[in-house]
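Read through the structure below, which is laid out as structure tokens, and then see the notes.
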Amino acid sequence: MQRKVIAMAVILIVFIALGYGYYELQEVKAELQAINNNSVKAIEQLHEDIEAIKSEMDGIESNLPTFAGVFSTTAYCKCEKCCGVWTDSPTKSGTTPQEGRTIAVDPDVIPLGTQVIIDGKVYTAEDTGSAVKGNVIDIYYSDHEETEEYGRQNREVWICA
0 MQRKVIAMAV ILIVFIALGY GYYELQEVKA ELQAINNNSV KAIEQLHEDI
50 EAIKSEMDGI ESNLPTFAGV FSTTAYCKCE KCCGVWTDSP TKSGTTPQEG
100 RTIAVDPDVI PLGTQVIIDG KVYTAEDTGS AVKGNVIDIY YSDHEETEEY
150 GRQNREVWIC A
């Protein structure tokens, strides 16, 4: 009889332990499910962030300057020696030339209105010239002495987007 009571007590303890373990297992399972759900949400957010960054990078890349080549650059001013009969004329695009902005280009190579970078400075293609053919750019200066000092130089030219 004592053995039956002991056996019943052991069985009862085992059932209680198993039941407790079951409930504990359910709690662990619920926690793991919550972690999994949060991980899925985090991964989905990460995918969205990556797509947004890719889109932003595409926009940045399209705004980067492109290399046009190495051009022979010269300088000119609006004096008679540089411009002849066109001394008092506006540029080919109709603007008044301005030092640090205006360049003369071959419009078959660089269209008028295009912004280019030469030596880190941004210029606008506003003019043409009889000697400006092919990969030649004439940079406008307001002073003739500066044009003579400049001479002829080969420079990398970048087209702004």
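According to numbering that gives the first Met the number 0, the sequence shown is numbered sequentially starting from 0. Backbone N, C-alpha and C fix where the C-beta goes; we use that ideal spot for every residue, glycine too.
Check the DSSP bridge columns for residue i and list the partner residues they point to.
i      : result
Trp157 : Phe66, Ile116
Ile136 : Thr72
Ala124 : Ile102
Gln152 : Thr72
Can you tell me whether residue i is buried or exposed, with buried defined as 16 or more other CB within 10 angstroms of its CB?
i      : result
Thr123 : buried
Cys78  : exposed
Ala51  : exposed
Phe66  : exposed
Ile34  : exposed
Gly133 : exposed
Give a yes or no on whether the C-beta atoms belonging to residue i and residue j are separated by under 8 Å.
i      : j      : result
Asp137 : Ile102 : yes
Arg154 : Thr72  : yes
Thr146 : Cys81  : yes
Here's a check: name, in chain order, each residue in its chain whose Cβ is nearer than 6 Å to the Cβ of residue i, leaving out the five neighbours to either side.
i      : result
Val135 : Ser71
Cys159 : Pro64, Gln114
Which same chain residues, not among the five before or five after residue i, have their C-beta less than 7 Å away from its C-beta?
i     : result
Trp85 : none
Using C-beta distances below 8 Å, list every residue in its chain close to residue i, excluding the 5 sequence neighbours before and after it, in chain order.
i     : result
Val69 : Asn134, Asn153, Arg154, Glu155, Val156
Between the stretch 40 to 47 and the stretch 100 to 110, are three or more C-beta pairs nearer than 8 Å? Under the three-pair Cβ rule at 8 Å, the stretch 40 to 47 does not count as touching the stretch 100 to 110.
For the structure I just gave you, are there three or more beta carbon pairs, one from the stretch 80 to 97 and one from the stretch 113 to 121, closer than 8 Å? Output reads no: the stretch 113 to 121 does not touch the stretch 80 to 97.
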